[in-house]
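K.L.:
There's a structure below that I have some questions on.
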Amino acid sequence: MGARLRKVKKETKGLGRKGKLTAKLIDELSVYYGLAIRRNKNSKEDMKKEIWATLKHKSSTNENPQHEDCPPGPESWCSYQEAKANNNLLNY
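When you line the sequence shown up against the UniProt record's numbering, it's residues 1 to 92, in that order.
As structure tokens, this is what we get:
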């Protein structure tokens with residue numbers, strides 16, 4: 001996945017600017033993509049859901065939060081869902 005994203009970034013003008021597709025973001029997405037595959041190897045639907053949750057999470061902003069597909073609960077990898085579970089959204 002990382003190699004393909006790097007190729008798209010290189011070939012598409014404007015994707016590599018600040019706030020866009022950076023090398024760090026490509027590395028993070030590659031890690032999360034791999035985790036989603038390994039965690040859900042028995043369910044393509046769950047794999048797809050977790051991949052989309054990661055993409056939405058990483059593109060989320062304060063003006064447009066996109067955490068509805070992130071796993072809920074205090075042990076979530078999503079800090080928003082973790083804060084929500086701990087009734088701490090005011091400080092988020």
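Ideal Cβ positions, reconstructed from N, Cα and C, are used throughout, including at glycine.
Keep in mind the model is a prediction, meaning the values are calculated, not measured.
For the UniProt domain "Mutator-like transposase" (1-78), which segments carrying the alpha helix (DSSP H) assignment without a break, of at least 4 residues, lie completely within its bounds, in sequence order?
P.N.:
2-11, 23-39, 44-59
K.L.:
Is the beta carbon of residue 93 less than 8 angstroms from the beta carbon of Pro65?
P.N.:
What the structure shows of the chain is the stretch from 1 to 92, and residue 93 is not part of that stretch, so it cannot be assessed.
K.L.:
Helix, strand or coil: which one does DSSP assign to Asn91?
P.N.:
helix
K.L.:
Apply the 10 Å Cβ neighbour rule to Glu50 and answer buried if 16 or more other Cβ atoms are within range, or exposed otherwise.
P.N.:
buried
K.L.:
Could you tell me the distance, in whole angstroms, from the CA atom of His57 to the CA atom of Asn40?
P.N.:
If you take the alpha carbons of His57 and Asn40, they lie about 18 angstroms apart.
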